[in-house]
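A.B. asks: Handing you a structure now.
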Amino acid sequence: MPPKRLLSHYKLDARRNRLLMVSCNAEDMLLPCKYDSNFKVLGKQEFNIPDHLMIHDWAFTDTHYILFANRIKLDAVGAMTAVCGTSPMITALSVNPSKATSPIYLLPRSPNENGRDWRVPIEASSQLWLLHVANAYENLDENGNLEIEIHASACSYEWFNFQKLFGYDWQSGKLDPSIMNINGSQSKTLPHLIQVSINLDVNGSCQRCDVEPLNQWNKSSDFPVINPAFSGSKNTYIYAAASSGSRSALPHFPFDMVAKLNVSTKSVLTWSVGSRRFIGEPAFIPKGSEEDDGYILVVEYAVSVQRCYLVILDSKRIGGEDALVARLEVPKHLNFPLGFHGFWATAE
1 MPPKRLLSHY
11 KLDARRNRLL
21 MVSCNAEDML
31 LPCKYDSNFK
41 VLGKQEFNIP
51 DHLMIHDWAF
61 TDTHYILFAN
71 RIKLDAVGAM
81 TAVCGTSPMI
91 TALSVNPSKA
101 TSPIYLLPRS
111 PNENGRDWRV
121 PIEASSQLWL
131 LHVANAYENL
141 DENGNLEIEI
151 HASACSYEWF
161 NFQKLFGYDW
171 QSGKLDPSIM
181 NINGSQSKTL
191 PHLIQVSINL
201 DVNGSCQRCD
211 VEPLNQWNKS
221 SDFPVINPAF
231 SGSKNTYIYA
241 AASSGSRSAL
251 PHFPFDMVAK
261 LNVSTKSVLT
271 WSVGSRRFIG
281 EPAFIPKGSE
291 EDDGYILVVE
301 YAVSVQRCYL
311 VILDSKRIGG
321 EDALVARLEV
331 PKHLNFPLGF
341 HGFWATAE
């Protein structure tokens with residue numbers, strides 16, 4: 001395993017034309033790095049966080065990198081079987097729900113910034129396991145108070161399972177998504193979209209950190225994305241993979257529709273993939289100058305024929321009957337499982 005490992009997600013700061021990436025090592029050292037369009041390194045920073053954390057996704061604003069720290073611990077039995085070669089290395093880890101709060105680290109993007117002590121995290125009052133971030137942005141008022149808004153997907157520590165993520169059982173080699181579905185009162189532990197609001201005063205002290213469902217949308221959802229041109233800036237639209245809840249056997253996962261959320265009007269429009277078909281992570285392809293002028297690219301998996309299709313949606317028309325632009329059949333030998341990440345890049 002390499003000494004420095006890139007986090008699974010990278011970001012595009014469109015306004016500065018910068019590619020942002022974060023790597024880490026086993027000692028919880030985080031290394032944000034920025035590149036220009038020619039992949040020339042323009043700057044690196046180092047942050048040491050003295051805690052046992054798993055960071056999969058992150059966000060940025062004009063002045064901060066934002067990290068939600070998912071707490072983990074060593075699983076002694078899993079570590080022994082992993083060392084013996086009888087189980088994957090991931091079995092050496094387990095979630096650590098010992099604290100009722102969720103730490104959020106605000107790391108300064110400028111190495112010369114003299115602000116609040118970044119080593120002291122903001123503590124969200126609810127316990128959340130962060131999955132993926134759609135966007136974050138900030139607003140500095142005339143008195144020097146900073147307001148940060150974050151849109152993301154999260155689940156509970158009880159729902160997240162290192163050994164059987166997405167229902168894949170490494171022992172049998174089979175996919176059984178039924179274990180990802182919870183019924184009744186426990187449904188609130190499933191992946192869902194959230195809005196996190198943080199207010200800092202002029203001295204950097206946290207005055208508020210609220211977590212609430214995004215748009216009051218209560219469907220199981222994950223993989224939120226936006227038009228990348230608006231990353232780090234105030235956005236209106238968020239697209240996510242979601243579950244309609246119409247299936248009796250698998251009501252919450254896998255996902256079977258694309259949701260388009262308007263955070264200004266609190267409205268939600270959807271496009272459904274159809275019976276016995278599921279989707280993975282959507283990607284946004286900008287087409288024009290308006291925020292929702294573009295296409296949504298998503299992979300559809302048809303269970304009955306065990307084939308994948310590349311689906312193209314008109315993002316402006318989601319919610320209407322004419323949203324589907326094309327459905328392209330993927331060669332069968334290129335089928336791939338749900339949950340893979342993607343990012344659209346133009347030819348320029």
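What the sequence shown shows, in the numbering used here, is residues 1 to 348, in sequence order. For every residue, glycine included, the Cβ atom is placed at its ideal position computed from N, Cα and C. Note that the structure is a prediction, hence the values are computed from the model and not measured.
1. Looking at C-beta atoms only, is the number of pairs between the region 303 to 314 and the region 203 to 219 that lie closer than 8 Å three or more?
2. In whole angstroms, what is the alpha-carbon distance linking N38 and C84?
3. Per the DSSP calculation, Y65 is bridged to which residue(s)?
4. Using CA coordinates, which residue listed in V196, L190, R327 is at the minimum distance from E123?
5. From the DSSP output, in three-state form, read off G43 for me.
6. Between the alpha carbons of M89 and G173, how many angstroms are there, rounded?
7. Threshold first: 3 residues or longer. Then list the beta strand (DSSP E) segments lying entirely within the region 96 to 180, N to C.
8. Cutting at 6 Å between CB atoms, please list the residues of its own chain near C209, excluding the five before and the five after it.
9. Nearest-angstrom Cα distance between G232 and D13?
10. So F278 and Y295 are supposed to be a Cβ contact under 8 Å. How far apart are they, rounded?
11. With a Cβ-Cβ cutoff of 8 Å, do F336 and E281 count as a contact?
12. Could you please give the first and the last residue of the uninterrupted alpha helix (DSSP H) stretch that includes A76?
13. At which residues does the beta strand (DSSP E) containing I226 begin and terminate?
14. At which residues does the beta strand (DSSP E) containing E212 begin and terminate?
C.D. replies: Reading from the atomic positions:
1. no
2. 44 Å
3. F60, L107
4. V196
5. strand
6. 16 Å
7. 102 to 108, 122 to 124, 129 to 140, 146 to 155
8. I122, A124, I198
9. 7 Å
10. The Cβ separation is near 20 Å, so there is no contact.
11. no
12. 76 to 83
13. Per DSSP, I226 belongs to no beta strand (DSSP E) and is neither H nor E.
14. 206 to 213
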